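First the structure, in the form of structure tokens, and then the observations on it.
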Amino acid sequence: MFSDLLRGEIDTVLSSMGLSGVVFAIEHPTVITHGDFATNAAMVAAKAAGKNPRALAEEIVAALEAKKIVGIRTISIAGPGFINFTLDDSVFRDEVLRIGEEGMHYGEQHSWKGKKILVEHSSPNLFKPFHIGHLMNNAVGESIKRLAEFSGGSVTAISFPSDISLGIAKAVYVVAHDGIEKLHACTSEKEKLAYLGDCYVKGTQLYEESDTVKEEVRTITETLFNGTQGEILSIFEECKRINLDYFVSITSRLGSHFDAYIFESEAGKVGEELVHSHMDDIFKKSEGAIIYEGEQDDLHTRVFINKDGRPTYEAKDLGLLSLKFSRYEPDLSLFITDHEQTSHFDVVIAAAKKIDPVWGAHSVHRTHGRMTFKGQKMSSRLGGVPLASDIIDTLADEVRERAQDLPVEDVDAVAIGAVKFAILRAAAGKNINFDPETSLSFEGDSGPYLQYTAVRAHSVLRKAEAEGYTPCVGDCTCPEGEAALIEKMLARFPEVVRLAIEEWAPHHIATYLLETAQAFNGWYGNTKILDTGNPSIRYNLAVTKATTDVITRGLQLLGIAMPSKM
RNA sequence: GCCCCUGUAGUGAAGUGGAUAUCACAACGGUCUUCGAAACCGUUAUCCCAGGUUCGAGUCCUGGCGGGGGCACCA
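Numbering-wise (our numbering), the first sequence opens with residue 417 and increments by one.
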């Protein structure tokens, strides 16, 4: 990356002036006429040097100019002491050609090369419908997983399905009470899922209303936790199977694949044992329960084993952590949940560190916000929460209206691209106000906008090829004038990817892709690419090709597929 | 009450301590007999308040005010 080269050169110059260890920035000026790169090095170092920033800047510039760095056209000083660099157009043009050569590999990083990365995301409650909240987790999680792969790491994706809880026992109670025949009478998978969803809601209601139900649910909970063979367990297993199959099908429709599952039931057992084996040093009894006193870490107390002797979510997550590290020995363990669980995990990690410091040191928690609906927080227990499949289907209908006769996979690519992009374009961790009218747009800052840009560019390339013109490789006749914004934007892809990986923040990619698509569309608007009289026609095709490559790769990193047409 | 997150055009969002704060939607006005108008070009409008640190603050610190979340046996 040119910015790294520049950083190295500036560093050397500063050191030679006796100013080593200066932390300076290299950035793209907001106004492109200022140059391609700018540094604040002179301003930052001014104090230590005992000089005024502009005077120091002049010395630095003189030293840099003496080096005659290849690729730099002009160096200038501006404002309070910025040093601006304008690059030779050839730098950008070489980069465009490099993209042509590297294609989907362009921008690949090596920061985690040779390291094992474990990513856990999209963990469902197997007895609750897969709703819009899961969609958010999946969008963020899948993108982080792909960023991890692009960082050079060897990645394992897992999910942590919840298959044991009081809520599940309530649902099983209703299924058993209705009779398993009712489930079997459902003719389609969809019907079965809807029925099981209803059971979950109904179970919660009945449990609140009646003491006898409470008693029966209690027995069922016992059975499930102990794994006692019998009718209840087989009903449970069947329901779990149906829900898990659905989870696999919906997440694969969304573009996710999981290498393995760790179920809450197994994590619960492991966690329970861990807590019991660290009773005196880490955990303690209190009011019949077993707790971890988070106050010692400036956190708060959490219950790990409840007074019935069963592991709570805390112990389950502790067990999960233990299983993750014993099975996969990751150098980095990323997990994604919604942000309401932040303080829960702070406590779990604090306790886990005392068992094994590596568990804490190698774990990174990334969060996403909640979907709010007209300002109201959505809860699946209250019903009325949009299901993931409903949202996708509604959008798919709209896609079909805009473009008839699209293959199913293209319809899905656009519909799912719209939802995922709406989620990923904002920094994760903040709530997203979901307004069906505007949130899932096909225009403006949207997934389909990016897809459209690439598809249209691709269509130009096809037409050019039919007329015997292909993007040039290596030996090119480049245009006379200055490099266009699009050419400059393309070259930024690697640094954006690096930032996204450093922060595990997909939205940097999203923002960049929008800017790049805008730059391309602006260029497209006033450039006749297929101008056979233009000597640089094949270079212009290379720019077009590089744009489709970068957008396609960027969308892939966001977990969004590219339709063949739209 | 304590702790964490958060406050940027009418709306939804970007913005590694830097120069003239960016993008979209909405509104208004243009551009398809021409490589795909899900596009392009143009106009209007913004950093919650008060202190502080700094050569420089939307960004860091302190204190308010508003929003969200967490705080003992749900996940």
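Ideal Cβ placement from N, Cα and C applies to all residues, glycine included.
Quantities reported herein were computed from a predicted structural model and do not represent experimental measurements.
Query, Result
"Closest Cα partner of F508 within the set E654, V835, R908", "R908"
"C-beta contact flag for A834 and H923 at 8 Å", "no"
"Three-state secondary structure assigned by DSSP to I666", "helix"
"Ordered list of beta strand (DSSP E) runs contained in the segment 815-847, each at least 3 residues", "none"
"Neighbour-count burial assignment, H874, 16 or more Cβ in a 10 Å radius", "buried"
"Buried versus exposed, by CB contacts within 10 Å (16 or more), T893", "exposed"
"Rounded C-alpha distance that separates G884 from I808", "40 Å"
"Residue ranges of each beta strand (DSSP E) within the segment 510-558, 3 or longer", "532-536"
"Residue from G671, V686, A768 with nearest C-alpha to G710", "A768"
"Three-state secondary structure assigned by DSSP to I560", "helix"
"Stretch-stretch touch, CB-based, cutoff 8 Å, three pairs: the segment 526-536 with the segment 727-745", "yes"
"Given 8 Å, three or more beta-carbon pairs between the segment 702-722 and the segment 552-566", "no"
"Residue span of the alpha helix (DSSP H) that contains T927, given as start and end", "923-942"
"Three-state secondary structure assigned by DSSP to L798", "Per-residue confidence for L798 stands at a pLDDT of 39, beneath the threshold of 50, marking its modelled position as unreliable; no derived number is given."
"Neighbourhood of D861 by C-beta distance below 7 Å, restricted to the same chain and skipping five residues each side", "R841, L930"
"CA-to-CA distance, E689 to E653, given in whole angstroms", "24 Å"
"Beta-carbon gap between H784 and G845 smaller than 8 Å", "yes"
"Backbone secondary structure at T886 - three-state DSSP", "coil"
"Residue range of the unbroken alpha helix (DSSP H) whose run includes K961", "953-973"
"DSSP three-state assignment for T455, whether helix, strand or coil", "strand"
"Where the alpha helix (DSSP H) through A601 begins and ends", "596-601"
"For K685 and D724, the rounded distance between their alpha carbons", "14 Å"
"The alpha helix (DSSP H) enclosing K378, as first and last residue numbers", "Outside the shown range of the chain, which is 417 to 982, sits residue 378, and nothing can be said about it."
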